[in-house]
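In the working numbering, the protein residues as written are 2 to 128.
Even for Gly, the Cβ is constructed at its ideal location relative to N, Cα and C.
Before any comments, here is the structure.
Listed below in structure tokens is the structure:
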């Protein structure tokens with residue numbers, strides 16, 4: 002089993018994380034540029050194999066930060082949870098370069114959308 006570090010972003014800020022090489026906890030309220038988020042992840046990418054990225058704007062407000070996520074995905078293989086509500090949202094999440102799209106059942110409009118999502122791609126996991 003591989004331990005996959007967790008990173009949470011909200012309003013372009015890295016708000017919560019548990020990554021080897023970065024102190025676990027929260028970061029101040031200053032919004033980071035896409036490049037700054039990617040640089041922070043890049044600093045530890047040689048110590049970890051994969052990253053779990055939770056996009057709280059996508060999960061809570063249906064406004065995923067696809068640009069920020071794309072920068073991170075270029076740095077390290079990423080499991081991306083961005084608040085999939087409908088099956089076709091999976092494509093948006095995977096276009097970022099994420100290795101896997103994580104579907105949380107709390108944001109889905111219906112369980113039929115899980116079936117629809119798996120018809121669109123095999124690069125999906127659920128929680």
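{"query": "How would you label residue 90, buried or exposed, when you count the other beta carbons within 10 angstroms and need 16 or more for buried?", "result": "buried"}
{"query": "Using the three-state DSSP reduction, which class does residue 5 fall into: helix, strand or coil?", "result": "coil"}
{"query": "Expressed to the nearest angstrom, what Euclidean distance is found between the alpha-carbon atoms of residue 111 and residue 104?", "result": "12 Å"}
{"query": "Relative to the C-alpha of residue 87, which residue among 7, 69, 73 and 113 is closest?", "result": "113"}
{"query": "Going by beta-carbon coordinates alone, are residue 16 and residue 52 separated by less than 8 Å?", "result": "no"}
{"query": "Please name the residue or residues paired with residue 82 in a DSSP beta bridge.", "result": "55"}
{"query": "Evaluate residue 44 with the Cβ neighbour count: other Cβ atoms within 10 Å of its Cβ, from every protein chain shown; 16 or more gives buried, anything less gives exposed.", "result": "exposed"}
{"query": "Assuming residue 73 and residue 95 are in contact, meaning their beta carbons sit under 8 Å apart, how far apart are those beta carbons, in whole angstroms?", "result": "About 14 Å separates the two Cβ atoms, so there is no contact after all."}
{"query": "I'd like to know whether the C-beta of residue 87 is nearer than 8 Å to at least one C-beta of chain B.", "result": "The displayed structure is made up of one protein chain only, and chain B is not part of it."}
{"query": "Going by beta-carbon coordinates alone, are residue 59 and residue 83 separated by less than 8 Å?", "result": "yes"}
{"query": "Per the DSSP calculation, residue 1 is bridged to which residue(s)?", "result": "Nothing about residue 1 can be read from this structure; the chain reaches only from 2 to 128."}
{"query": "How would you write the range of the alpha helix (DSSP H) that residue 120 sits in, first residue to last?", "result": "113-121"}
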